[in-house]
Structures are given as structure tokens and as C-alpha cells.
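Residue numbers (our numbering): 5 to 192. Note that beta-carbon positions come from the ideal geometry of N, C-alpha and C, so glycine has one too. Just so we're clear, the structure is a prediction, and the values are computed from it rather than from any experiment. Worksheet: one structure, shown below.
Now the structure itself:
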């Protein structure tokens, strides 16, 4: 793991603890970004603070796509904490119900295509119950849109990115704790 490496996507942010997949268009490799810390220090500040800091650093407008409840709970909490506009949400299944419960006055878009039109970044879940998030990452890749995938659990990491024999990697993975980070390092 490198120390104080830039993410390679030109965000100019000060490095923070993050798990990043650089150059996702090819073979994945992990790097750990630390803020002036020793290599053994994985998270220099609380996880929620770290993730919301990275979340706020995503370029706007950001397409946000989720189906399953796991990643949706995380993503929607981050959106709620940011209180900013610039999100282009597509929610289906359990994620749609969560969206409605948190943002009853804000509607979602009908399709991934609509959400990605004009978006400069994609933030997606990595659920199993639908192809929605996978399709969003595939479309983002074909359009050259920077893609972030939220790994909300501790199992089946590689399989989350394969549908019908097609593997689509995001540009960056976000994990929420040191156990998920360690599992991601073993998996990729």
C-alpha cells in the first residue's frame, strides 16, 4: 500500500484513508491513502467522517444508483448528511422504499440512462438481487464516467461485479470498516 498517493482522477483532495481501485479499466490493484500516518494506521478518523469526506469529494452531478438495502442505507445516510444538491438518484426495490422514507419530497429518476446523462460520477451499491447497479457501472464505463462502488458487506466481493459472465470494475471501491478493507485486500 502506498502512502499519500493521489487517486489518479484529478480531484485534488488531500489524501485520506480510502481504498481505491486505480485504473479500473484493467486489472484491479489496491492502494491505501493515508493522511500523514504510518502504514499500519488504516483509518486516521472515524469511518463515517472518512466516508462522508470522500463522498463530498465526488464531482457533481453524481448519479446514485442502488437496489439492495445494504448499500442504500449507507449511501442515503451520506446524502442526508451532506445536504447538497447535485445527485441524480435511481432507486429500485428496497432502496426505493428507503429513499421515500428519507426524502419523501424528492423524486428519483426513472432510468440509469437518465441519471448518467450529464453526470460526471456514479456512486452505486453492489447488491445481488438485481442487475441495476452492475448495468449502471457498465454504462458509466462506456461513457467514461468515474465510478465508485460501495461494498456494504464482508463476503463475495469479486462476485458482486460479475453478471452473465461479464465483469465490470468500478474506478474506486468504498468499504466501511477495517474488516471490509482487509477482506477487499484479500479478494482483489
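DSSP, read as helix, strand or coil, puts residue 174 in coil. The DSSP assignment places complete beta strand (DSSP E) segments of no fewer than 3 residues inside the region 60-147 at 66-70, 91-95, 125-128, in order along the chain.
Taking a contact to require three or more Cβ pairs closer than 8 Å, the region 133-144 and the region 102-115 do not qualify as touching. The beta carbons of residue 119 and residue 93 sit about 7 Å from each other, so the pair counts as a contact at 8 Å.
In the three-state scheme derived from DSSP, where H, G and I count as helix and E and B as strand, residue 150 is classed as strand. By the C-beta density criterion, residue 150 is buried, having at least 16 other C-beta atoms within 10 angstroms. A straight-line Cα-Cα distance of about 5 Å links residue 72 and residue 131. A contact between stretches requires three or more CB pairs, one per stretch, nearer than 8 Å, and the region 157-166 fails this requirement with the region 104-113.
Partner residues in a beta bridge of residue 179, as assigned by DSSP, do not exist. Contact between residue 136 and residue 68 does not hold, since their C-beta atoms are separated by about 12 Å, which reaches or exceeds 8 Å. One Cα belongs to residue 111, the other to residue 122, and the distance between them is close to 18 Å. Within the model, the alpha-carbon separation for residue 173 versus residue 159 is close to 17 Å.
For residue 127, the closest of 157, 88, 176, 148 by C-alpha to C-alpha distance is 176.
According to DSSP, residue 167 shares a beta bridge with 170.
Remark: C-beta atoms of residue 184 and residue 152 do not approach each other more closely than 9 Å.
In the three-state reduction of the DSSP assignment, residue 192 falls in the coil class.
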